[in-house]
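In the UniProt record's numbering, the protein residues as written are 1 to 108.
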């Protein structure tokens, strides 16, 4: 049972990372906007107060947040999730390594 729980949790973590990487790519395509600029712009346009940086660090999403992001980026949710599914396992692993490096650097 432990093995299956571990595999399920690993797939969920990988999915969250794929969402994070997709959001980063969408921000880049929209003019390489920073997290701060995104937060201010989305508040101005939608009245939705949210910090995308927390999502990108913690990988904590809900459907309302993803819907608002898709409206902001002008992308259908189906297209968004298709992009998420196309994130490569190599990019996911690189993100994990980079995250460990950032944490190690921060803790030093």
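Where a beta carbon is used, it is the ideal one built from N, C-alpha and C, also for glycine. Since this is a predicted model, take the numbers as computed values, not measurements.
Nearest to residue 23 by CA position, among 101, 62 and 84, is which residue?
-> Residue numbering aside, residue 23 sits at position 23 when the chain shown is read from its first letter. Looking at the Cα atoms, 84 is the closest of the given residues.
Would you grab the beta carbon distance between residue 72 and residue 46 for me? Rounded to a whole angstrom, and I think it's under 8 Å.
-> On the chain shown, position 72 is the one that residue 72 refers to. On the chain shown, position 46 is the one that residue 46 refers to. So it is a contact: roughly 7 Å between Cβ atoms.
Around the C-beta of residue 12, are 16 or more other C-beta atoms found within 10 angstroms, so that it is buried, or is it exposed?
-> By one-based count along the chain shown, residue 12 stands at place 12. By the 16-neighbour rule on beta-carbons within 10 angstroms, residue 12 is exposed.
With residue 80 and residue 88 assumed to form a contact (beta carbons below 8 Å), what rounded beta-carbon distance in angstroms separates them?
-> On the chain shown, residue 80 is found 80 positions in, with the first residue counted as 1. On the chain shown, residue 88 is found 88 positions in, with the first residue counted as 1. Taking 8 Å as the upper bound for CB-CB distance, residue 80 and residue 88 are not in contact here, some 17 Å apart.
Can you say whether residue 40 is buried or exposed, counting buried as having 16 or more other CB atoms within 10 angstroms of its CB?
-> Taking the chain shown and counting its residues from 1, the one referred to as residue 40 is at position 40. Taking every protein chain shown into account, the CB of residue 40 has fewer than 16 other CB atoms within 10 angstroms, so this residue is exposed.
Got a sec, what are the start and stop residues for the alpha helix (DSSP H) residue 64 sits in?
-> Numbered from its first residue, the chain shown carries residue 64 at position 64. DSSP places residue 64 inside the alpha helix (DSSP H), whose first and last residues are 63-73.
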